[in-house]
Amino acid sequence: MVNRLEITVEVIIHTTEDRKKILNSIFDMFEIKEDEFTEEQLIGHFGNPILLLKTKLTKKKAQEFVHNIISKISKVQLNDFLENIDMHFEESSLFLRISKQDIIRKTVNIQQNDAMKIKISMPVYKKSDLSKNYMELLKS
């Protein structure tokens, strides 16, 4: 499965946030370099400029990212996430959102708001195997 694993990481940076500080923290925590991200300038709901950073990780780098992030999530949060894993699927992808502010503090917390969005994708050929396959990935 490692060869077919793909991770998409998206980070929204508002004009009030320090882009370098966020990117340095992402590198420190997850070893994703600034030049691995693509940048897209967007306009927010109130006309404010927003920067969307996006990267894709595949194969071994994706596997290492999963192990790295899972090792940094508290056991309580991880167990809660795994117990409710079915709520985090969209089609055959698993979504995880972690606090952007906590990344700056060098910790990882699952959070829905102001979060780094992580999409984990791998081939799952039978819908009935979806939860089982992702649970195995996250526990490996």
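In this note's numbering, the protein residues as written are 11 to 150.
Glycine included, C-beta positions come from ideal geometry on N, C-alpha and C.
Which listed residue (the options) has its alpha carbon closest to that of residue i
{"i": "THR26", "options": "SER35, ILE60, LYS149, GLU44", "result": "ILE60"}
{"i": "ALA125", "options": "LEU15, VAL19, LEU67", "result": "VAL19"}
{"i": "VAL21", "options": "LEU140, THR68, PHE47", "result": "PHE47"}
Nearest-angstrom Cα separation, counted from residue j out to residue i
{"i": "ASP28", "j": "ILE80", "result": "26 Å"}
{"i": "GLU44", "j": "GLY54", "result": "23 Å"}
{"i": "ILE23", "j": "GLU93", "result": "31 Å"}
{"i": "GLU147", "j": "ILE36", "result": "The sequence shown places Leu at residue 147, rather than the Glu named in the question. So the alpha carbons of these two residues sit roughly 22 Å apart."}
{"i": "GLN122", "j": "LYS110", "result": "10 Å"}
{"i": "GLN51", "j": "THR65", "result": "15 Å"}
{"i": "ILE114", "j": "ILE42", "result": "14 Å"}
{"i": "LYS129", "j": "GLU49", "result": "17 Å"}
Cβ of residue i within 8 Å of any chain D Cβ
{"i": "ILE17", "result": "Protein chains in the displayed structure number just one, and chain D is not present."}
Status (buried if at least 16 other CB within 10 Å, exposed otherwise) for residue i
{"i": "MET39", "result": "buried"}
{"i": "PHE56", "result": "exposed"}
{"i": "MET132", "result": "buried"}
{"i": "ASP96", "result": "exposed"}
One or two residues paired with residue i in a DSSP bridge
{"i": "SER103", "result": "GLU100, SER131"}
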